[in-house]
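Let me begin by presenting the structure, written as structure tokens, before commenting on it.
Number of protein chains: 2
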Amino acid sequence: MRKGNLMSVRHDIRVLDATIRDGGLCNNFEFSDEFVSELYKTNIKCGVDYMEFGYRASRNLFNENEHGKWKFCKEEDVRAIVGDNNTDMKISVMADVDRCDYKTDFIPKKDSIIDMVRVACYIHQIPSAVEIINYLNGLGYETTCNIMAISQANFNQIDEALKMLGESKVDVIYLVDSYGALVPESAVELAKKYLEYGEKYGKQIGFHGHNNQKLAYANTIETLSYGVSFVDATAMSMGRGAGNCAMELLLGFLKNPKYSTYSLLRFIEKYMIPLKESGVQWGYAPQYMLTGQLNRHPEEAIRFTEQNRTDYTEFYKELLDNF
Amino acid sequence: MRKGNLMSVRHDIRVLDATIRDGGLCNNFEFSDEFVSELYKTNIKCGVDYMEFGYRASRNLFNENEHGKWKFCKEEDVRAIVGDNNTDMKISVMADVDRCDYKTDFIPKKDSIIDMVRVACYIHQIPSAVEIINYLNGLGYETTCNIMAISQANFNQIDEALKMLGESKVDVIYLVDSYGALVPESAVELAKKYLEYGEKYGKQIGFHGHNNQKLAYANTIETLSYGVSFVDATAMSMGRGAGNCAMELLLGFLKNPKYSTYSLLRFIEKYMIPLKESGVQWGYAPQYMLTGQLNRHPEEAIRFTEQNRTDYTEFYKELLDNF
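Respectively, the protein sequence lines represent chains A and B.
Under this note's numbering, residues 120 to 442 are what the first sequence spells out, in order.
Under this note's numbering, residues 120 to 442 are what the second sequence spells out, in order.
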């Protein structure tokens, strides 16, 4: 059963802007302070509920000098943009299992500018994710678990993972279509499973889509209509490979009058169009369709894009050779 | 209830390539013979069921010298590409109510290279459409009725229209989202209504989408899954404004082994990419999102695009002023 209808307001919905985090994968997190600051102000005006500033990646594993600062999201760097963030919008960062130093890099929530930590993992890493989540919950943060590449997991694994997360301290469990392989029918089928566990254990369910088959927005609003409440989007769809659900589409769809598109349109004019024209690459193209249809990581399509290739038939054969 | 599932073959499905017809609205139907001929061969290799060559528009209303020949689709022009079309693929043309001379421009089917005529109309023109359809059926053609701009019709009108078409000689009734205003939920709701009448009167149902909200493919496969059987698509989404459902996405989705994407990928490399690079404009952009969300004809967004404007906020205000 759908929850609400196309005219109704759902007060449980939370919109998360992942432009800096997922979009940062396209430009090595090298956004100007002005860009991030203007996006922050835009999100507030548009009614966005959470803004994700990037990753909190391990500085042991990754060299700070080789990446923009939003790969690390140090407290002082976030504060330089948001001050004490005296707004209704919350701030999140993402921490990847096995790529973060969660025991040293997170301070107690009461001293932190961060509200929510989203723990990303593959399905075999759920036990590690649970450990991190429970630790961060103990520090006072809201937490999510973003199980990536879910289109490659089997249903038994998913049931087991959802049970483990159900019994953890996590607040939100995210269905993440990393490969852009889901279509509305399969996305909804998975979402219903997540929602069943969510109901049983009192967890909210989230959706994060990719646009390999031009379905990120469609999958987002379809899973939303069945009860998913946390939804990710990015300005002008900026995100790895084919990109994400466009925030402007999502805000235009939602009926709660707290959400508006106008300021985002201005941000797109002033910041996103120039960013794209500067050569940063993202967005749907046939190569992403092929990896999405084949349910594969987009890395080969990203390389194909970087090489400005358009020999799709050769690429298709390369993909089939590497099966 | 969905019909079949994501693994099953539905033998009732018919794929129609509308590249020359809907794409022709982007370049005044000025395709080279080589382009049309290669697309014809590509469609055959890909298993496409119908190829639409364009409109059969009135030569009294429109000057032949001012448009490419595919606005008129004269018998000899189609034959110059397809010979006697000794293939499994059928050929269609579109005739707009009040813009065609159906009594003089259609010869008996037994002498014609055309298999199917798709009669396009707005909902208030249904009586005229029925007259044309019954006439063409008498000549021996398969016919469809494509009720355009359906997102602006009310349900009472739609019920009445479907009843009139049900009682006509039409073979297929098309749900046409001319404004790209539908989302999967509303598209499926409408499709179910069409399917109900289709079942009652023994008519097939078709779907033709536009990509204003990046939902043409999503709406196509969602309505398909509930029983729609005729689906339109175009190479690389080429079509008026934001374009249509991409044929490459649709062929990749369908499970019947008769459909394949490979030859279309080659056609995209060799013909569609150069066409786009030559300056012919189509495809999703924020201006189309705005007219789609506002449930409006895309004409203002097309003009905005032609002027290479990116001042989306001004455009948005202009749209609201013209409500």
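Ideal Cβ positions, reconstructed from N, Cα and C, are used throughout, including at glycine.
Please read all numbers here as calculations on a predicted model, not as lab measurements.
- Among the residues of the stretch 257-275 of chain B, none has a Cβ less than 7 Å away from any Cβ of chain A.
- About 11 Å separates the beta carbons of L294 (chain A) and A272 (chain A), which is beyond the 8 Å limit, so they are not a contact pair.
- In the three-state reduction of the DSSP assignment, R385 (chain A) falls in the helix class.
- G325 (chain A): not part of any alpha helix (DSSP H); member of the beta strand (DSSP E) spanning Q323 to H327, first to last residue.
- Scanning chain A for C-beta atoms nearer than 7 Å to the C-beta of T429 (chain B) yields E388 and I392, reported in chain order.
- For the options A:R133, A:L384, A:F386 and A:L314, the alpha carbon positioned closest to that of M120 (chain A) is the one of A:L314.
- If you keep only unbroken alpha helix (DSSP H) runs of at least 4 residues inside the stretch 273-360 of chain A, you get 274-285, 303-320 and 335-344.
- Close CB contacts of E261 (chain A) within its chain, under the 7 Å cut and outside five residues either way in sequence, are with D234, M235 and D290 (chain order).
- If you look at V249 (chain A), you'll find it in the alpha helix (DSSP H) that goes I245 to L258.
- Shown here for R237 (chain B): same chain residues with a beta carbon closer than 6 Å to its own, the five before and five after excluded, namely S211, M213, T263 and N265 in chain order.
- Taking 9 Å as the cut-off, the Cβ atoms of F434 (chain A) and Q400 (chain A) do not count as close.
- Contact note: R133 (chain A) does not reach chain B at a C-beta cutoff of 8 Å; the least C-beta distance is about 20 Å.
- The bridge partners DSSP lists for V212 (chain A) are A:V236.
- Checking the DSSP bridge columns, you'll see I242 (chain A) has no partner listed.
- Here L439 (chain A) is exposed: its Cβ has fewer than 16 other Cβ atoms, across all protein chains shown, within 10 Å.
- Not one beta carbon of chain B lies nearer than 9 Å to the beta carbon of I163 (chain A).
- With a threshold of 9 Å between beta carbons, V302 (chain A) makes contact with chain B.
- One finds nothing in chain A with a Cβ atom closer than 7 Å to the Cβ of T410 (chain B); even the nearest lies about 11 Å away.
- Among the residues of the stretch 332-360 of chain A, those with a Cβ less than 7 Å away from any Cβ of chain B are Q332, K333, L334, Y336, A337, I340, E341 and S344, in the order of the chain.
- At a C-beta separation below 8 Å, G317 (chain B) has no neighbours in chain A, since its nearest C-beta there lies roughly 21 Å away.
- Between T161 (chain A) and L383 (chain A), the CB-CB gap stays under 9 Å.
- Assignment of V155 (chain B) by DSSP, reduced to helix, strand and coil, places it in the helix class.
- With a threshold of 16 other beta carbon atoms within 10 Å, R140 (chain A) meets it and is buried.
- Restricting attention to A:A404, A:R422, A:P303 and A:K228, the CA atom closest to the CA of Y336 (chain A) is found in A:P303.
- Annotation: the continuous beta strand (DSSP E) that includes F172 (chain B) extends over Y169 to Y174.
- According to DSSP, residue pairing for C219 (chain B) in a beta bridge does not occur.
- The Cβ-Cβ distance between D168 (chain A) and K209 (chain A) falls below 9 Å.
- Neighbours of L368 (chain B) in chain A, taken as residues whose beta carbon is under 7 Å from its own, are Q332, K333 and M408 in chain order.
- Around the beta-carbon of R422 (chain A), fewer than 16 other beta-carbon atoms lie within 10 Å, marking it exposed.
- At the C-beta level, I392 (chain A) and M355 (chain A) come within 9 Å of one another.
- Apart from the 5 residues on each side of it in sequence, E308 (chain A) has no Cβ closer than 6 Å to any other Cβ in its chain.
- For I132 (chain A), there is no enclosing beta strand (DSSP E), since its DSSP letter is neither H nor E.
- Counting only Cβ-Cβ distances below 8 Å, P405 (chain B) has contacts in chain A at M355, E367, L384 and I387, in chain order.
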